[in-house]
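Structure first, then comments.
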Amino acid sequence: MDATLVTRSYVSYTRILLLNFTQMTPFFAKVHDGGAHFSAKHLSMRAQKKILGKMSSRSIAKHFISDTAARLLDNLYRILKDFYTKKEAEKVVKNVIKMAIKMGVLAKNEQFNEDQRRALSDFQRKYRQLCLTIVSFAQVHYSYDRAFLRKLLAETQSALIPVVRAHLSGKSADRVEFVFEYLGREEFCDSVFKVGGLYEELLGRVVADLDRLMDEERRG
100 MDATLVTRSY VSYTRILLLN FTQMTPFFAK VHDGGAHFSA KHLSMRAQKK ILGKMSSRSI
160 AKHFISDTAA RLLDNLYRIL KDFYTKKEAE KVVKNVIKMA IKMGVLAKNE QFNEDQRRAL
220 SDFQRKYRQL CLTIVSFAQV HYSYDRAFLR KLLAETQSAL IPVVRAHLSG KSADRVEFVF
280 EYLGREEFCD SVFKVGGLYE ELLGRVVADL DRLMDEERRG
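All residue numbers for the sequence shown refer to this note's numbering, where the first residue is 100 and numbers rise by one.
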């Protein structure tokens, strides 16, 4: 999932949260014992990340992301559940949603410095290349190149991890690594892109929605 696309879907909801926590500032000010260091914006951002981080189920996510993104997640979940276990599939998808939410909150609150913005731009380039590669492998039979795909997955993960570590917990970085580990396993990749394989139909649906999301991003 592209964090930028998911962020747009959360803007209205995040604004509501910001308003609610800003209105509660007098209460927090009374109980906060570090008056000189009190920051309503910082407190609000932390609260948003905590609350939104709990909203990671696919059923809840559907209320805040586009139909296309929700459908993509559902079909990805079906592939993962069949190849791995239901528990592992749920964990992968929940981690995707959690990280998209948290990165969206950070972006909305302008928490990234210049170096981190450059790192995120690099991540977005890598992610886009990864998406285009997945679309190509799915649409052009026998074009699948496992080594190239896994290399792109590793590069995309490497571009994202430093920014996550700078702003979020080690647990969040572990979530990113968990997602990429499961999506990048050799046996999984080989099974997903096997021509005439078990996942050809579901992969086609995932790719169609991935293509739509990239088109939406291009059109802004």
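Cβ coordinates follow ideal geometry from the N, Cα and C atoms, glycine included.
Alpha carbon of residue i to alpha carbon of residue j, nearest angstrom
i	j	result
A102	M202	Confidence in A102 is poor, its pLDDT being 42 and thus under 50, which makes the residue's placement unreliable; the coordinate value appears in the next sentence. Cα-Cα distance, rounded: 7 Å.
L252	Q228	10 Å
D173	T184	15 Å
E276	Q210	22 Å
K270	A168	25 Å
I196	Y241	31 Å
L312	R216	22 Å
F236	E187	25 Å
Residue i in three-state terms, based on DSSP
i	result
F211	coil
R249	helix
H266	helix
T184	coil
D221	helix
V239	coil
R284	coil
D166	helix
D244	coil
Identity of the residue in the options nearest residue i by Cα
i	options	result
K180	V191, L171, R170	V191
L355	R311, R264, A307	Summary: the structure shown does not reach residue 355, with the chain confined to residues 100 through 319, and so no result is reported for it.
S220	P261, V234, A246, V239	P261
I200	F287, L267, L282	L267
D273	C288, S257, E286	S257
I233	V291, V278, Q215, M198	V291
R245	F279, N208, C288	C288
L282	R170, S165, N194	N194
E316	N212, F247, R224, S235	R224
D308	E254, E285, C230	C230
L248	F279, A218, L259	F279
Short CB-CB distance (under 8 Å) between residue i and chain C
i	result
K193	The chain inventory of the structure shown lacks chain C, comprising one protein chain alone.
Residue range of the alpha helix (DSSP H) that includes residue i
i	result
G303	299-318
F292	F292 -> no alpha helix (DSSP H), and no H or E assigned at all.
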